[in-house]
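Just so you know, we're using the working numbering here: the sequence shown kicks off at 9 and counts up by one.
Below is one structure, written out as structure tokens, with a few remarks after it.
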Amino acid sequence: MDSVHRFLLEDLDIRGALVQLGPSWKAATSRRNYAAPVRELLGELAAVTALIGSNLKAPGRLSFQLQGHGPVSMLVMDCNEQLQLRGMAKSELTADAEACVASAAALLGDGQLVLTLQPKTAQTPYQSVVPLAGKTLAAIFEHYLEQSEQQPTRLWLAATADTACGLFLQKLPNADARDADGWNRIEQLAATVQAGELALPPETLLTRLFHQENLRLYAPRAALWHCPRDEEKVRNMLLSLGREEVEAMLADAEMIAIEDEICGHEYRFGPEIVDELFPPDGRLLH
9 MDSVHRFLLE DLDIRGALVQ LGPSWKAATS RRNYAAPVRE LLGELAAVTA LIGSNLKAPG
69 RLSFQLQGHG PVSMLVMDCN EQLQLRGMAK SELTADAEAC VASAAALLGD GQLVLTLQPK
129 TAQTPYQSVV PLAGKTLAAI FEHYLEQSEQ QPTRLWLAAT ADTACGLFLQ KLPNADARDA
189 DGWNRIEQLA ATVQAGELAL PPETLLTRLF HQENLRLYAP RAALWHCPRD EEKVRNMLLS
249 LGREEVEAML ADAEMIAIED EICGHEYRFG PEIVDELFPP DGRLLH
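Encoded structure:
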């Protein structure tokens, strides 16, 4: 678990990947009281972000944001080249909402998918914005990937309270020359996968699906949920506001409370933060 397994169907020129998040996914939701439908959508987004993020060649950060006008107004997930994931969801659904019966399209409503790629070596990020097209999160990303990479792509995603998994297939340019029926055959075989099977050991699942094909399975890449507290960053933000602004915030409320929505951490500061950030110049003794 907590890894991305890339593979290649060598005789067919079809590539794929299997992502399986377990302990890291449970850590992601341990302090969040999401309704089951929201948790499932966010888990599917975590899986597909890890899949696409595993292709990052240079240090940087890949971010996906889905914004809509449905009960789930926003999903955010990002990762860096080390596959360190973080993300969150905003929704009007309460934690006691029943298990998801509506489609992702119904939960998100009309909206857009925003991809942001910020290489460490570039000051300006690359951003792509496309409409949400598809009834499921898998269909939304299939549409996006086919538009951006110009290659047929299929995704199968599933998430529970314990796991977030995904299977990815992409037809490469020489696939038809290798086997005119190869892509159709592999697509149909993969479509038989059940949601619960996506958490099986990779060798077991891929052999079960493609047992008649020559498949090369590469060494896995570890993925993890990485959302540590960063009080220094918050203090620096307050410092940038200046003493007067911080004092005004404390005048309105006895405590400054700042929530990190992405990671779910809360930072609280009392009146003592003023002198800690802005030490007095000294006292006049005579």
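Glycine included, each C-beta is placed from N, C-alpha and C at the ideal position.
The structure displayed is predicted, hence computed values, not measured ones.
Whole-number beta carbon distance between residue j and residue i, since they are thought to touch under 8 Å
{"i": "Y152", "j": "F15", "result": "Actually they are not in contact, since the Cβ atoms of Y152 and F15 sit about 22 Å apart, beyond 8 Å."}
{"i": "A54", "j": "L115", "result": "A54 to L115, Cβ: 16 Å. No contact."}
{"i": "L20", "j": "G190", "result": "4 Å"}
{"i": "T57", "j": "M85", "result": "4 Å"}
{"i": "T102", "j": "A43", "result": "6 Å"}
{"i": "A141", "j": "E52", "result": "Contact doesn't hold; Cβ gap of about 16 Å is too wide."}
N- and C-terminal bounds of the beta strand (DSSP E) containing residue i
{"i": "E274", "result": "H273 to F277"}
{"i": "I270", "result": "Per DSSP, I270 belongs to no beta strand (DSSP E) and is neither H nor E."}
{"i": "D86", "result": "V80 to N88"}
{"i": "M96", "result": "Q92 to S99"}
{"i": "T161", "result": "T161 to A167"}
beta-carbon residue i near the ligand SAM non-hydrogen atom, thresh 6 Å
{"i": "L64", "result": "This structure lacks the ligand SAM, and indeed carries no ligand of any kind."}
C-alpha distance - residue i paired with residue j, whole-angstrom precision
{"i": "C87", "j": "W33", "result": "13 Å"}
{"i": "N244", "j": "E284", "result": "12 Å"}
{"i": "P3", "j": "L64", "result": "Absent from the model: residue 3. The displayed extent of the chain is 9 to 294, so no value can be given."}
{"i": "P79", "j": "D118", "result": "11 Å"}
{"i": "C108", "j": "E48", "result": "With a pLDDT of only 49 at C108, under 50, the local geometry of the prediction cannot be trusted, and the value read off the model is given with reservation. Near 8 Å, if we compare the C-alpha coordinates of E48 and C108."}
{"i": "P127", "j": "M257", "result": "35 Å"}
{"i": "A265", "j": "F277", "result": "7 Å"}
{"i": "A146", "j": "Q220", "result": "26 Å"}
{"i": "E89", "j": "R216", "result": "31 Å"}
{"i": "A230", "j": "G30", "result": "12 Å"}
{"i": "I148", "j": "L208", "result": "25 Å"}
{"i": "S38", "j": "L123", "result": "26 Å"}
{"i": "A185", "j": "G61", "result": "29 Å"}
First through last residue of the alpha helix (DSSP H) which encompasses residue i
{"i": "I60", "result": "A44 to G61"}
{"i": "K241", "result": "E239 to L249"}
{"i": "S38", "result": "From DSSP, S38 is part of no alpha helix (DSSP H); its letter is neither H nor E."}
{"i": "L64", "result": "That residue, L64, is in no alpha helix (DSSP H); it is neither H nor E in DSSP."}
{"i": "D21", "result": "Where D21 is concerned, there is no enclosing alpha helix (DSSP H), given that its DSSP letter is neither H nor E."}
{"i": "A113", "result": "A112 to L116"}
{"i": "D283", "result": "E280 to L285"}
Every unbroken beta strand (DSSP E) inside the segment 118 to 159 [3 residues or more]:
119 to 127 and 134 to 139
As an exercise, report each continuous alpha helix (DSSP H) stretch of at least 4 residues that is fully enclosed by the segment 175 to 209, in chain order.
183 to 186 and 190 to 198
Taking contact to mean 3 or more Cβ pairs, one atom from each stretch, closer than 8 Å, check whether the segment 195 to 206 and the segment 161 to 172 are in contact.
yes
Decide yes or no for the touch test of the segment 176 to 184 against the segment 23 to 42: beta carbon pairs closer than 8 Å, at least 3 of them.
yes
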